[in-house]
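Asks: Numbering (this note's numbering), first residue to last: 6 to 180.
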């Protein structure tokens, strides 16, 4: 029994020590709450992560748009500079009387792929134009109308097409 008494006394002493520690922790926790109560809570006006992401994306898109506009402006400035360099000088800067605009002089690059036309090629082009005046359809229609020239209705109007001649032969009540 002496051993049981010794174990009981040790347990009582340990429980009393634990009670003191728990009481000390409670007082520390109460002091911590009092200190944290003096600090204001985080403001609710801060943006949520989704709003922050939207704002960042909108900002990135605006920057991209500005960059593309700057590139376009640079491109058109280069085009205008090239056109100004290619434009003929007006020898004094003033056009002659009666001239509204400077002459158009094509650049050398504008002639790329063009071959010089000689006199024979020009004559061949004229012959081709003369031949193309009478198309294949007109040729066929003339041959077809020639077969029916012996009919009196067609002989009255030789320039009419076969469809028009057929329409003339129909009775007015049958359009």
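Cβ coordinates follow ideal geometry from the N, Cα and C atoms, glycine included.
Just to confirm the assignment, what range does the alpha helix (DSSP H) spanning residue 88 have?
Replies: For the purposes of this step, residue 88 is taken as residue 83 along the chain shown, with counting starting at 1. Its alpha helix (DSSP H) spans residues 54 to 91.
Asks: Can you name the start and end residues of the alpha helix (DSSP H) that residue 164 belongs to?
Replies: Mapped onto the chain shown, residue 164 falls at position 159. Looking at the DSSP string, residue 164 is not in any alpha helix (DSSP H), and its letter there is neither H nor E.
Asks: Quick check: the Cα distance between residue 58 and residue 66, rounded to an integer number of angstroms?
Replies: Within the chain shown, numbered from 1, the residue matching residue 58 stands at position 53. Within the chain shown, numbered from 1, the residue matching residue 66 stands at position 61. The straight-line gap from Cα to Cα measures roughly 12 Å.
Asks: How big is the Cα-Cα spacing for residue 69 and residue 128?
Replies: As a position in the chain shown, residue 69 is number 64, starting the count at 1. As a position in the chain shown, residue 128 is number 123, starting the count at 1. When rounded, the distance between both Cα atoms is 58 Å.
Asks: Within its chain, find whatever has a CB closer than 7 Å to the CB of residue 55; leave out the 5 residues flanking it on each side and keep chain order.
Replies: Walking along the chain shown from the start, residue 55 turns up at place 50. Cβ within range, chain order: n/a, list empty.
Asks: Helix, strand or coil for residue 178 per DSSP?
Replies: Locating residue 178 in the chain shown gives position 173, counting from the first residue. Coil, per DSSP.
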